[in-house]
Amino acid sequence: ASDAGDVVRAADLFFRLFKAGAEDKEILTTGARCLEKTGRYNDALVMLTRGGKKFPREVTFRVGLARVHNLKAAQTFHESGKMDSHVVFQYEDSIREAQGVLRTWPKNRDARLILANALYSLGKWNKAKTHAEELVKRFPKHPGGFIVMGDLAFEHFKHLRRRASGKDRKST
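Now the structure itself:
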């Protein structure tokens, strides 16, 4: 079903295999990806957690956990329009997972990008900038670091504009 492009059906089938006790690395990684693509983030997190426990040296599961926490936070924020505790905790989980990956695999591009994105989303712009600059330096052909840098530049521009218009009283 996954190869045929029916991701929803594939996600259902993979999750049924998972609930039946499947512990094959390929089933867990592909299943989690299908669940992620269909927005079933809680199910994907459970599957990735099992994979991480079964295969602790496999970076795919840890990066997947960081990515899905980040996506879940972004979706929750988009739906509610509020940066509430649920959103913050998901971003913090994403940051924790990504930092864990980078402690073991410091050259992991995806973990660093997820980390920069989550930090940016929480307004930790100086830390996000540090990781985005590292991405640009290590992976100059990948757009991720440049995108985060562009987002940060735009936030800086908005801040300067508010300040110039007198709407940002804290800055004056």
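Take any residue in the sequence shown, count from 1 to its spot, add 940: that is its number in the numbering used here. Beta carbons: idealized from backbone N, C-alpha and C, even for Gly.
9 angstroms Cβ cutoff met for residue 963 and residue 990: yes
Inter-residue spacing [alpha-carbon to alpha-carbon] between residue 968 and residue 988: 7 angstroms
Length of the line joining the Cα atoms of residue 1092 and residue 1004: 24 angstroms
Residue range of the unbroken alpha helix (DSSP H) whose run includes residue 1115: The requested residue 1115 is not part of the displayed model; the chain covers only 941 to 1112.
First and last residue of the uninterrupted alpha helix (DSSP H) at residue 1066: 1065-1078
Sufficient close CB pairs (3 or more, under 8 angstroms) joining the segment 1037-1052 to the segment 1014-1024: no
Sub-9 angstroms separation of residue 1056 and residue 1008 beta-carbons: no
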